[in-house]
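K.L.:
Counting from 15, one number per residue, gives the positions in the sequence shown under this note's numbering.
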Amino acid sequence: MKTTMKQVVLASYAKGNPQPGDFRIEDVPVPEAGDREILLQTLYIAVDPLIRFSLDERLLSGATRMELGAVMVGPTVCKVVASNHPDYEPGQFVEGRTAWAEYAVVAPDQSDYRGPPRRLDPAPAPVSTALGALGGPGQTAYEGVVNVGRLKAGETIVISAAAGAVGSMAGQIAKALGARAVGIAGGEAKCKALLDLGFDAVADYKAPDFADQLKAALPEGADVYFENVGGDVTMAVLPLLKRGARMPMCGFIAYYGMGMEGPGPDHLPGFYRQIMAKGLEIKGFAGIFAGQKGLDDIAGWMKQGKIRFPESVVEGIDAAPEAFSTVFSGHDHVGKLLVRVAPEA
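In structure tokens form, the structure reads like this:
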């Protein structure tokens, strides 16, 4: 095993959307596992957009602010290479929240709110799906569609950022429930990918006729709007929602790099009018996971062939800063965006 490794640290706080230059690659010694600790080799890093909330010099959310020079941390899939803990053995695969580094030491007894690393069975599905379909994105999509949106068979759901990890899962879950799924994505390639996943209709928000595409895709309106974006996309969707429509609010990536006030004009008056006139039900649910039932349902749908798990993979830990930045600046990736740090074998 190597004696030195690479890790990604925060070099400067993000101003607006994160840039690759906000991060730095460092070479450091590989750590050693102490008493009741495990040494993990990182296989995959999930470049989740919610990490953005920790990168402001002055926090505007409930996230934990990162210090300059600190190692980036997020969801990962790793392989146990050494263990001083009775619950873990070398060779096991685990999913957890660890450093953006080639190796990491974890104390399972002192893990964060997510609990100790979750041991994975590589037989049913690739271990990378623990960061996508069978991980946080899949559970988040399930929570928004099933529990918050309360989508029923025969209803219509419209999903913004539908080509992303959560959005692509939300549409497939909707189809598995017998509902009609309409996806909003940017660019012809992403829209085609959504149709290939089984979405009933799509609308390209980058197209000049986006509003017309959306109306054509929702001739009778929508019962549920799975919100991931905000901004002009949401303002285009609101008039097409049915009275009493539910709006699970999973994210608002159009505003992640802004403070409490964005650029004008002020759309709040029209937003409030739509809420009142249509009796809309809006509920945010970030950080809530569907639990074992959600994972079991998703695994069952995957086994039946009703859910696929598209992944976009970039190679090498050096690519992590660029990959993370593209999440906010537009990219052609479909499904879960991962950085492969090392091969599984």
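Using N, Cα and C, we set each Cβ at its ideal position, and we do this for glycine too.
#1: Give the list of continuous alpha helix (DSSP H) stretches no shorter than 4 residues that lie fully inside the stretch 240-295.
#2: Suppose you measure from the CA of H347 to the CA of E329; what does that come to, to the nearest Å?
#3: Taking buried to mean at least 16 other C-beta atoms within 10 Å of its own C-beta, is L57 buried or exposed?
#4: Is the stretch 263-271 in contact with the stretch 204-218, if contact means three or more CB pairs nearer than 8 Å?
#5: Determine the contact status of P131 and I59, defining contact as a CB-CB distance below 9 Å.
#6: Going by DSSP, which residues form a beta bridge with L352?
#7: Going along the chain, which residues of its own chain have a beta-carbon closer than 8 Å to the beta-carbon of F224, five neighbours each way excluded?
#8: Would you identify the three-state DSSP class for T154, choosing helix, strand or coil?
#9: Taking buried to mean at least 16 other C-beta atoms within 10 Å of its own C-beta, is R354 buried or exposed?
#10: Which same chain residues, not among the five before or five after F323, have their C-beta less than 6 Å away from its C-beta?
#11: Enumerate in chain order the residues of its own chain whose CB-to-CB distance from G244 is below 6 Å, with the five nearest sequence positions on each side excluded.
#12: What does the Cβ neighbour count give for R260, buried or exposed, with the cut at 16 atoms within 10 Å?
#13: If you measure between the beta carbons of K16 and E81, is that distance less than 9 Å?
#14: Rounded to a whole number of angstroms, what is the C-alpha to C-alpha distance between K166 and T248?
#15: Output yes or no for whether 9 Å exceeds the beta carbon distance between F107 and V85.
#16: Report the rounded CA-to-CA distance for I171 versus V196, giving the unit in angstroms.
#17: Between which residues of its own chain and P151 is the CB-CB distance below 7 Å, once the five residues before and five after are set aside?
#18: Alpha carbon to alpha carbon, how far is L255 from A193?
#19: Would you call R164 buried or exposed, if buried means 16 or more other Cβ atoms sit within 10 Å of its Cβ?
#20: For a minimum of 4 consecutive residues, which ranges assigned as the alpha helix (DSSP H) are wholly contained in the stretch 67-139?
#21: Enumerate in chain order the residues of its own chain whose CB-to-CB distance from T11 is below 8 Å, with the five nearest sequence positions on each side excluded.
#22: Hey, could you find the ends of the alpha helix (DSSP H) E336 is sitting in?
#23: Which one or two residues does DSSP pair with I39 in a beta bridge?
#24: Please give me, in chain order, every unbroken run of the beta strand (DSSP E) with length at least 3 that falls completely inside the stretch 176-235.
P.N.:
In this structure, then:
#1: Whole alpha helix (DSSP H) segments, 4+ residues: 245-251, 282-292.
#2: Approximately 14 Å, taken between the alpha carbons.
#3: Counting Cβ neighbours within 10 Å, L57 comes out buried, since at least 16 surround it.
#4: Fewer than three pairs of CB atoms, one per stretch, sit closer than 8 Å, so the stretch 263-271 makes no contact with the stretch 204-218.
#5: Not closer than 9 Å, so no.
#6: Paired residue(s): A60, V327.
#7: Beyond the five residues adjoining it in sequence on each side, F224 comes within less than 8 Å, by CB distance, of A217, D218, A250 in the same chain, given in chain order.
#8: Residue state, collapsed to three classes: helix.
#9: The residue in question, R354, is buried, as its Cβ has 16 or more Cβ neighbours within 10 Å.
#10: For F323, where only same-chain residues beyond five positions count, the Cβ hits under 6 Å are T143, G146, A147.
#11: Closer than 6 Å at the Cβ level, and outside the excluded window around G244, lie F266, A268, Y269.
#12: It counts as buried.
#13: No, they are not a contact pair.
#14: So the alpha carbons of these two residues sit roughly 22 Å apart.
#15: Contact flag unset, no.
#16: Distance between the alpha carbons of I171 and V196 is about 6 Å.
#17: Counting only residues of its own chain and dropping the five nearest sequence neighbours on each side, P151 has a CB closer than 7 Å to the CB of A179, V180, M183, K350.
#18: Cα to Cα, L255 sits roughly 15 Å from A193.
#19: By the 10 Å Cβ count, R164 comes out exposed.
#20: Runs of the alpha helix (DSSP H) inside the stretch 67-139: none found.
#21: With the chain covering only 15 through 359, there is no way to say anything about residue 11.
#22: Unbroken alpha helix (DSSP H) run through E336: 334-343.
#23: Paired residues: V22.
#24: Within the stretch 176-235, the complete beta strand (DSSP E) runs of at least 3 residues are 194-199, 215-218.
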